[in-house]
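Q: Take this structure, written in structure tokens, and hold onto it; I'll ask about it next.
In our numbering, the protein residues as written are 55 to 305.
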């Protein structure tokens, strides 16, 4: 089998294949009974396998994230830290959720012979906050309630996730890097870059003395809303500190 899943314990499973092989396996399976759908999210490197399982085997979305071992390990640790703190605060019956980490494994691509690291996790299926806010099926007052719940959850993350050992994000350097890489319409004149950076300096200065928090990268695509109203926070790959206002503005 291309995909092998074996039980290590009642709560942990190991997925031993790269994302594209799992995707191919589900494509083959779906040709027979259309119970499974596998697709890659947008232009990212994350492969998300969505279950339409009529047999009750799975009811979660499985995610494989490709990256270097250290950064994937940090993301798993951040997720586990938050899960533990949520459980202590609210018990098992809680409305704030995170993905369930499964395993970080190394896999050699058969074609390129390159070895890559993958992080396997699972989460409940639902639309993202961005899809809800842009959609027309939900009334505005209900959207407001959902957004308020997400803001409450973000506040919990900011207050509870440990900040020790994390560096402070240098926003100015980050913007410089993006301007250097912005070559779609040709090279940007250095005087224009300097003017853009100068225009942004009041924003940077406004963060002086602000409370620093874990960078959740809280844009609306990083929250999943379940049918019962529970919220799943996803994507904890950042390992830096930002002003709380900066992360809140991402919403």
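Note that the Cβ used here is the ideal one computed from N, Cα and C, for glycine as well.
When the Cα atoms are used, what is the spatial distance from residue 269 to residue 249?
A: The residue labelled residue 269 in the question sits at position 215 within the chain shown. The residue labelled residue 249 in the question sits at position 195 within the chain shown. Spanning the two alpha carbons is a distance of roughly 27 Å.
Q: Let me know the secondary structure DSSP gives residue 305 once reduced to three states.
A: Mapped onto the chain shown, residue 305 falls at position 251. Of the three classes helix, strand and coil, the one that applies to residue 305 here is coil, per DSSP.
Q: For residue 160, which residues of its own chain have a beta-carbon under 7 Å away from its beta-carbon, when the five flanking residues on both sides are left out?
A: The count along the chain shown starts at 1 and reaches residue 160 at position 106. Once the five neighbours on either side are set aside, the close Cβ partners of residue 160 are 169, 171.
Q: Run through the region 270-299 for me and flag every whole beta strand (DSSP E) of 3 or more residues, listed as ranges in chain order.
A: Runs of the beta strand (DSSP E) inside the region 270-299: 277-279, 285-287, 294-297.
Q: Does the beta-carbon of residue 174 have 16 or more other beta-carbons within 10 angstroms, so that it is buried, or is it exposed?
A: Along the chain shown, read from residue 1 onward, the residue named residue 174 stands at position 120. Answer is buried; the Cβ neighbour count reaches 16.
Q: Is it right to say residue 86 is buried, meaning 16 or more other beta carbons lie within 10 angstroms of its own, or is it exposed?
A: Taking the chain shown and counting its residues from 1, one reaches residue 86 at position 32. Confidence at residue 86 is low in this model, with a pLDDT of 49, below 50, so its placement is unreliable and the value that follows should be read with caution. Residue 86 should be labelled exposed.
Q: To the nearest angstrom, how far is it from the Cα of residue 272 to the Cα of residue 124?
A: Sequence index remark: in the chain shown, residue 272 carries index 218 (1-based). Sequence index remark: in the chain shown, residue 124 carries index 70 (1-based). If you take the alpha carbons of residue 272 and residue 124, they lie about 22 Å apart.
Q: Rounded to whole angstroms, what's the CA-CA distance from residue 305 to residue 134? Just pull it up for me.
A: Here the question's residue 305 lines up with position 251 in the chain shown. Here the question's residue 134 lines up with position 80 in the chain shown. Rounded to the nearest angstrom, the two C-alpha atoms are 23 Å apart.
Q: Hey, could you find the ends of the alpha helix (DSSP H) residue 245 is sitting in?
A: Taking the first residue of the chain shown as 1, we reach residue 245 at position 191. It spans 244-260 - the alpha helix (DSSP H) in which residue 245 sits, taken as one unbroken run.
Q: How would you write the range of the beta strand (DSSP E) that residue 174 sits in, first residue to last?
A: On the chain shown, residue 174 is found 120 positions in, with the first residue counted as 1. First-last of the beta strand (DSSP E) with residue 174: 169-178.
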